[in-house]
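In what follows, a structure is listed as structure tokens, so that the remarks can point back to it.
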């Protein structure tokens, strides 16, 4: 007889957990997924593309209805879970119905952070987090005046989608550069140029004082006294773990729902994965750690004793039509070394951070094809001395040089200078006579 497993949350982490479990042992658990939204699980990463009319609503769905049905997964739509009883092992829904479980997984994701400002409740003030938000933003239409507060990923995605739809968009960001948590100063400057080229006005170092309006939003006032007229304001300053249902059930909650190396909460038989979970003091607001959680928890629920040791923070996304990637310590702690490759003609930029003969961080702009390879090198911690001269040019070039049977690295060479035979191969490999900048610098 199948063991009842209830998953609270119907987002990307929950969908991946169902996929992992049913692929490994379909029928081992009788899975019920409780979702707050009245629809199939969908890919939030694609919301900006949907807002920009680059894809259809059907393309956002993670799995079709038949996929869930064929695997015996019960979907409970639009009936959010409101309480958990760990003693009776039951989940109560908003309509009063209950679901019994043997094991429970909380995958409730995160919620947008609200600004403590006057005017936040005015009609026309929106967030950008789900399909309902996209539907509301699309109603703004061409000619609308929109202010987006927040220069992180969500803010940039909203600004790009609105601008492509014909709105006049001003992006207001408190910090001195865009995506300061994911990009270094140089990549952030390149991103700003690309964002502005797409019709978005960018105001950096700008703090919002109030959202103005009487019956609906009319504009935004900054702390320096500037006012920006607006018919629509999108607040996208970040997210926080959606952990309230765990807190009221008596589970240990800090910023997120605290889990151990097995992703189990303080209550035996209850687990948490994705953006709502906190492991070793760290909450992850991106997709890849949630997928790691899902894979490891599925293995654990099927008898494996693998432990979660944390995730290397990595971003590999398309922002405002531009590919960006970052992972690990891409800024460069004291004592590290940075290899930088820039091609202004192609608007591409790479920075690799090396410490103790290992790759510890990377940031890529424009060309991110080697991002997954760099991430594997960062995660594995393998020595990179044998391919140091080729590393910044990417995996294909490194493999090509290895196949060419070139002499091994000459450590007597001046830092940042390629041996003659390698320079000749490099000139052959890079087409079109591109002018490249290759820098080797020590971090302070």
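Numbering (our numbering), first residue to last: 361 to 804.
In this text, a Cβ means the ideal position worked out from N, Cα and C, and glycines have one as well.
- Restricted to the segment 559 to 646, the alpha helix (DSSP H) segments that are unbroken, complete and at least 4 residues in length are 604 to 608, listed in chain order.
- Residue 656 sits in a helix when the DSSP states are folded into three classes.
- DSSP places residue 408 in the helix class (H, G or I) of the three-state scheme.
- Beta-bridge annotation (DSSP): residue 721 is paired with 688 and 713.
- For residue 755, no beta strand (DSSP E) segment is defined; the enclosing uninterrupted segment is the alpha helix (DSSP H) at 755 to 763.
- For residue 429, the three-state secondary structure derived from DSSP is helix.
- Here residue 370 is buried: its Cβ has 16 or more other Cβ atoms, across all protein chains shown, within 10 Å.
- Taken through DSSP and simplified to helix, strand or coil, residue 396 comes out as coil.
- Taking 8 Å as the cut-off, the Cβ atoms of residue 540 and residue 599 do not count as close.
- Beyond the five residues adjoining it in sequence on each side, residue 682 comes within less than 6 Å, by CB distance, of 554 in the same chain, given in chain order.
- The residues 562, in chain order, have a CB closer than 7 Å to that of residue 556 in the same chain once the five nearest residues on each side in sequence are set aside.
- The beta carbons of residue 446 and residue 670 sit no closer together than 8 Å.
- According to the DSSP assignment, residue 494 belongs to the alpha helix (DSSP H) that extends over 491 to 498.
- Inclusion of residue 498 and residue 523 in the CB contact set at 8 Å is not warranted, their separation being larger than that value.
- Counting along the chain, residue 555 sits inside the alpha helix (DSSP H) bounded by residues 545 to 557.
- Partner residues in the beta bridge of residue 676, as assigned by DSSP, are 685.
- With a 10 Å radius around the Cβ and a threshold of 16 neighbouring Cβ atoms, residue 552 comes out buried.
- In this structure, 596 is the residue among 722, 520, 470 and 596 with its C-alpha nearest to the C-alpha of residue 534.
- DSSP places residue 665 outside any alpha helix (DSSP H), giving it a letter other than H or E.
- Membership of residue 540 in any beta strand (DSSP E) is not indicated, and neither H nor E is assigned to it by DSSP.
- In the three-state reduction of the DSSP assignment, residue 506 falls in the strand class, which pools E and B.
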